[in-house]
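Peer 1:
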Amino acid sequence: MMKIRESKTEQKRDEIIEEFVNKGIFKIDGRQLYELNFYELMKEHTTEDERR
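Per UniProt numbering, the very first residue in the sequence shown carries number 1; after that it's consecutive.
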């Protein structure tokens, strides 16, 4: 069976989602993390880092 390789963007998106889940964050603006696109996740991820 052929294994489908994820793009770098998909890999980074998965990493960001995993970081949020590890912090106990499962929704952003009432939407599940997996419903958000890469740009929305990245925006939230960078603004969270700035808040610290």
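We treat Cβ as the ideally placed atom computed from N, Cα and C, and that holds for glycine.
Using the beta-carbon count (16 or more within 10 Å), is Arg51 buried or exposed?
Peer 2: Per the 10 Å Cβ criterion, exposed.
Peer 1: Quick check: the stretch 3 to 10 against the stretch 18 to 27, are there 3 or more CB pairs under 8 angstroms?
Peer 2: No, because fewer than three Cβ pairs between the stretch 3 to 10 and the stretch 18 to 27 fall closer than 8 angstroms, the two stretches do not touch.
Peer 1: Taking buried to mean at least 16 other C-beta atoms within 10 Å of its own C-beta, is residue 53 buried or exposed?
Peer 2: Since the displayed the chain opens at 1 and closes at 52, residue 53 lies outside it and no answer follows.
Peer 1: Would you report the Cα separation of Thr47 and Ile16, rounded to the nearest angstrom?
Peer 2: Using only the alpha carbons, I get a separation of about 13 angstroms.
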